[in-house]
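**Student:**
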Amino acid sequence: MTKVTELGYVTLGVSDLSAWDAFATTILGLEVTQGETADVRYLRMDYWHHRIKLVNDGTDDLLAMGLRLAGTLELAAMVQRLQAAGVDVRVGSQAEAQARQVLEVAFVTDPNGYAVELFQGPLVQYNLPFHPGRRMHGRFQTAGGGLGHMMLGRRADFAAIHAFYTLLGFTGGIEYRLPLPMLPEPVELMFLNCNDRQHSLAFGPPGEKAINHLMMEVERFEDVGLAGDIVAHAGVPVIIQPGSHANDQMYSFYFKNPSGFMNEIGWGGRQPTGQSEYYQGDAFGHAPVMSNMKGFMVPA
Ligand code: FE
25 MTKVTELGYV TLGVSDLSAW DAFATTILGL EVTQGETADV RYLRMDYWHH RIKLVNDGTD
85 DLLAMGLRLA GTLELAAMVQ RLQAAGVDVR VGSQAEAQAR QVLEVAFVTD PNGYAVELFQ
145 GPLVQYNLPF HPGRRMHGRF QTAGGGLGHM MLGRRADFAA IHAFYTLLGF TGGIEYRLPL
205 PMLPEPVELM FLNCNDRQHS LAFGPPGEKA INHLMMEVER FEDVGLAGDI VAHAGVPVII
265 QPGSHANDQM YSFYFKNPSG FMNEIGWGGR QPTGQSEYYQ GDAFGHAPVM SNMKGFMVPA
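Residue numbers for the sequence shown follow my numbering, beginning at 25 and rising by one.
1) Report the residue from Q273, R65, N287, N236 whose alpha carbon sits nearest the alpha carbon of R124.
2) Buried or exposed: F245, going by 16 or more other Cβ atoms within 10 Å of its Cβ?
3) Residues in the same chain with beta-carbon distance under 7 Å from A234, minus the five sequence neighbours each way, listed in chain order, please.
4) Within 7 Å (strictly less), CB to CB, does L147 reach chain B?
5) Could you name the residues that DSSP lists as bridge partners for P146?
6) Run through the stretch 160-238 for me and flag every whole alpha helix (DSSP H) of 4 or more residues, listed as ranges in chain order.
7) From the DSSP secondary-structure annotation, give me the bridge partner or partners of Q58.
8) Under 8 Å by Cβ, that's how I've got N136 and A180 pegged, so tell me the actual separation to the nearest angstrom.
9) Go to I254, then tell me how far its alpha helix (DSSP H) extends in each direction, as first and last residue.
10) Report the three-state DSSP secondary structure of N287 (helix, strand or coil).
11) Could you check what DSSP says for S315 in three-state terms: helix, strand or coil?
12) For F285, is the classification buried or exposed, using 16 other Cβ atoms within 10 angstroms of its Cβ as the cut-off for buried?
13) Among the candidates Y71, A256, A258, E301, whose CA atom is the shortest distance from the CA of A270?
14) Does the Cβ-Cβ distance between L171 and L31 come in under 7 Å?
15) Pick out whichever of V126, P312, G231, F194 has its Cα sitting closest to the Cα of G95.
16) Would you decide whether D165 is buried or exposed? Buried here means 16 or more other CB atoms lie within 10 Å of its CB.
17) Is it the case that the Cβ atoms of A109 and L191 are separated by a distance below 7 Å?
18) Bridge partners for Y278 per DSSP, in chain order?
19) Under the criterion of a Cβ to heavy atom distance below 6 Å, does E241 qualify as lining the ligand FE?
20) What do you reckon, is the C-beta of E30 under 6 Å from a heavy atom of the ligand FE?
21) Given R114, which residues of its chain have a CB within under 7 Å of its CB, disregarding the five upstream and five downstream residues?
22) Please classify D306 as buried or exposed, where buried requires at least 16 other C-beta atoms within 10 Å of its C-beta.
23) With respect to 6 Å, is the separation between the Cβ of E212 and the closest non-hydrogen atom of the ligand FE below this value?
24) Residue range of the beta strand (DSSP E) that L36 falls in?
25) Buried or exposed for D272, please, with buried defined as at least 16 other CB atoms from any protein chain shown within 10 angstroms of its CB.
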């Protein structure tokens, strides 16, 4: 069965491109390359032309997620399957694909209203090895798991979200029922996987923004610690202290980016186990920094 193979790229709308230039390089360690216009930046984390596109449109939120299909036959089969299921799909033009540095793209909207770009054939630049924006012990872990994962606020019910992403080939479900002191009912979080990464997409309570956080995984444990030191030295607000998640068993911490949502840097995530289970808390750590929590919902 044809399925999405990875979260390939994300497009983010931002309001302060120069703050992002500095944050992407000196805090995250990403490589920044110039876009076609002064309003666009590309962020690299491996051989791909980019994994993150920044558009200076003032929205400070997710504009689109790029979900990869293996090739042209797989993308065509996916378009057919979505059409057969009554989902509106628009196959993109050659110009739209080229603007995304991919061979082919098709556009669909998920039940939350979020823009999904199904694509095949990203531009991979083996002549331009990734050049980190600051010192790193290792590299970003993208092979086998794609860009990383993203948690989004849900604006539809879990059943509709699950049904849509199941059509795309994702598996997974509710993995947390988190009791929170300020809420009468535990908060439910849904996690969906499509490859070796335990989850590529997650859905939590609705927030002010579509996106809650974007996680990037590093190959070396030391790079989580180094990022922690750099974040502390730069005075970037930490939102969730270091800890280990119960579901992906990743050691990570969360901090605020110039668009006001969170970046998570993690190491040591496990693969999906293939069976459903749920948790009421993490393995250890991940305590929220209450003074920096305003406007944020629970992590994972
Ligand atoms: Fe996460």
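Yeah, the Cβ is synthetic: ideal placement off N, Cα and C, and Gly gets one too.
**Tutor:** A quick look at the data gives this:
1) Position 100 of the sequence shown, counted from the first residue, corresponds to residue 124. Answer by Cα proximity: R65.
2) Taking the sequence shown and counting its residues from 1, one reaches residue 245 at position 221. So F245 counts as exposed.
3) As a position in the sequence shown, residue 234 is number 210, starting the count at 1. Excluding sequence positions up to five before and after A234, its CB lies within less than 7 Å of the CB of D85, L86, Y138, L176, G177, all in the same chain and listed in chain order.
4) Looking at the structure shown, chain B is missing, and only one protein chain is on hand.
5) Sequence index remark: in the sequence shown, residue 146 carries index 122 (1-based). Partner(s): V126.
6) As for any alpha helix (DSSP H) of minimum length 4 sitting wholly inside the stretch 160-238, the runs are 182-191, ordered along the chain.
7) Taking the first residue of the sequence shown as 1, we reach residue 58 at position 34. Per DSSP, R65.
8) Numbered from 1 along the sequence shown, position 112 holds the residue referred to as residue 136. Numbered from 1 along the sequence shown, position 156 holds the residue referred to as residue 180. Yes, they are in contact, since the Cβ atoms of N136 and A180 sit about 5 Å apart, within 8 Å.
9) Here residue 254 refers to the residue found at position 230 of the sequence shown. Start and end: 245-258.
10) Locating residue 287 in the sequence shown gives position 263, counting from the first residue. Strand, per DSSP.
11) Reading the sequence shown from its first residue, position 291 is the one you call residue 315. In this structure, S315 counts as helix in the three-state DSSP scheme.
12) Against the sequence shown, residue 285 aligns to sequence position 261. Classified as buried, F285 has 16 or more neighbouring CB atoms from the shown chains inside 10 Å of its CB.
13) Reading the sequence shown from its first residue, position 246 is the one you call residue 270. The option with the nearest alpha carbon to A270 is E301.
14) By one-based count along the sequence shown, residue 171 stands at place 147. By one-based count along the sequence shown, residue 31 stands at place 7. Result yes, Cβ atoms of L171 and L31 sit closer than 7 Å.
15) Here the question's residue 95 lines up with position 71 in the sequence shown. Here the closest residue by C-alpha is V126.
16) By one-based count along the sequence shown, residue 165 stands at place 141. A small correction: the amino acid at residue 165 is Gln; Asp does not occupy that position in the sequence shown. Under this definition Q165 is a buried residue.
17) The sequence position of residue 109 within the sequence shown is 85, counting from 1. The sequence position of residue 191 within the sequence shown is 167, counting from 1. Yes; because the gap between Cβ atoms is below 7 Å, this pair is in contact.
18) Locating residue 278 in the sequence shown gives position 254, counting from the first residue. Note: Y278 sits in a beta bridge opposite I264, E288.
19) To locate residue 241, count along the sequence shown from 1; it is residue 217. Because no heavy atom of the ligand FE lies under 6 Å away, the Cβ of E241 does not count as near it: no.
20) The count along the sequence shown starts at 1 and reaches residue 30 at position 6. No, the beta carbon of E30 sits no closer than 6 Å to any heavy atom of the ligand FE.
21) Position 90 of the sequence shown holds residue 114. Correct list, in chain order: A130, F131.
22) On the sequence shown, residue 306 is found 282 positions in, with the first residue counted as 1. It is buried - the Cβ of D306 has at least 16 other Cβ atoms within 10 Å.
23) Indexing the sequence shown from 1 puts residue 212 at position 188. No, the Cβ of E212 stays beyond 6 Å of every heavy atom of the ligand FE.
24) As a position in the sequence shown, residue 36 is number 12, starting the count at 1. Note, L36: beta strand (DSSP E), 30-38.
25) Here residue 272 refers to the residue found at position 248 when the sequence shown is read from its first residue. Note on D272: 16 or more other CB atoms within 10 angstroms of its CB, so buried under the neighbour-count rule.
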